[in-house]
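Number 112 in the UniProt record's numbering belongs to position 112 of the sequence shown; there are no gaps in the numbering.
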Amino acid sequence: MFRKKVKKNKLNIFEGTHIIHDESPFAYLEGYKSLRTNLSFLTYGGEVKTILVTSSVAHEGKSTIAINLARSLAMAGNYVLLIDGDLRAPVIQKYLKITNNINNGLSSVLANKIPAEEAIYKYPAMEIEIMFSGPIPPNAVELLSKGRAKRLIGELRERYDYIIIDSPPSGIVTDAKVLSQSVDGLLYVVRQNFAEKDLIKRTTKDYIASGTNILGVVFNNFTQDNFARKRKFNNYYSSED
1 MFRKKVKKNK
11 LNIFEGTHII
21 HDESPFAYLE
31 GYKSLRTNLS
41 FLTYGGEVKT
51 ILVTSSVAHE
61 GKSTIAINLA
71 RSLAMAGNYV
81 LLIDGDLRAP
91 VIQKYLKITN
101 NINNGLSSVL
111 ANKIPAEEAI
121 YKYPAMEIEI
131 MFSGPIPPNA
141 VELLSKGRAK
151 RLIGELRERY
161 DYIIIDSPPS
171 GIVTDAKVLS
181 QSVDGLLYVV
191 RQNFAEKDLI
201 KRTTKDYIAS
211 GTNILGVVFN
221 NFTQDNFARK
231 RKFNNYYSSE
241 D
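Put into structure tokens, the structure is as follows:
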């Protein structure tokens, strides 16, 4: 299969960030190992290979968790594809500090402009492959609908041990709900004292009603100091997720 390569960076470029690397705190690395282990039990037998990562609102850490989960799975010897499924405000390339000019991605494939193989990039520094979001389209939901995303993910599913997809927040736009119909399971990220509790309940109930396989909830940024703080709601696209 044809693969382009992005610039190989050493993992220490992520020092001081939330992306796991060799010098990450032990407890931080162990947290992702635990998440990986829990997923391995849920996905035993290969029935769950495509996983959507979403949240209620922006800035809950879903993109970082998607990246780190992909990296952690790869560290265990799995063949992993990370897809930036946020066609509105993609951040994967920025978070990974990839400076290459990436012209094609998911949106290009869904628009039938290029085959999937031409939108997949090797990233040796993290031992994963990546499909970036591509050019931001004017019709994100339409591109994800009409069975295009489902067919693509189904085809890619046969090539990888795991496919991790970062999606837009579920409480802001409908993209994630559309994508959820094309994957084997969903991880829901909840940042402590951040999104409205009613919004979290409403959104997860919608997923359950639609038959989405919710694999679990990742409780992010938990500290005892934050536990009593008032939750904060930020508007999508105002800054980084």
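Ideal Cβ placement from N, Cα and C applies to all residues, glycine included.
For Leu52, which residues in the same chain have their Cβ closer than 6 Å to its Cβ, ignoring the five residues on either side in sequence?
Ile165, Ser167, Leu179, Ser180, Val183, Leu186
What residue range is occupied by the uninterrupted alpha helix (DSSP H) comprising Tyr28?
26 to 42
Of the choices Lys122, Ser72, Ile102, Ser56, whose alpha-carbon is the least far from that of Glu30?
Ser72
Buried or exposed for Ser210, going by 16 or more other Cβ atoms inside 10 Å?
exposed
Would Val57 and Gly171 be called neighbours here (beta carbons separated by less than 7 Å)?
yes
Under 8 Å by Cβ, that's how I've got Leu110 and Arg148 pegged, so tell me the actual separation to the nearest angstrom.
5 Å
Starting from Ile19, trace the beta strand (DSSP E) both ways and give me its first and last residue.
Per DSSP, Ile19 belongs to no beta strand (DSSP E) and is neither H nor E.
Inter-residue spacing [alpha-carbon to alpha-carbon] between Ile214 and Glu23:
32 Å
Three-state secondary structure (DSSP) at Val80?
strand
Can you list, in chain order, the residues of its chain whose CB lies under 7 Å from that of Arg157, leaving out five sequence neighbours each side?
Lys49, Thr50, Ile163
Suppose you measure from the CA of Met131 to the CA of Gly85; what does that come to, to the nearest Å?
9 Å
Using a 10 Å radius around the Cβ and a threshold of 16 neighbouring Cβ atoms, would you call Thr99 buried or exposed?
exposed
Can Leu82 and Ile128 be called in contact, C-beta distance under 7 Å?
yes
Coarse secondary structure for Ile200, derived from DSSP in three states:
helix
Flag this pair as yes or no: are the beta carbons of Tyr32 and Ile20 separated by less than 7 Å?
yes
Buried or exposed: which applies to Ile102, given that a residue is buried once 16 or more other Cβ atoms fall within 10 Å of its Cβ?
buried
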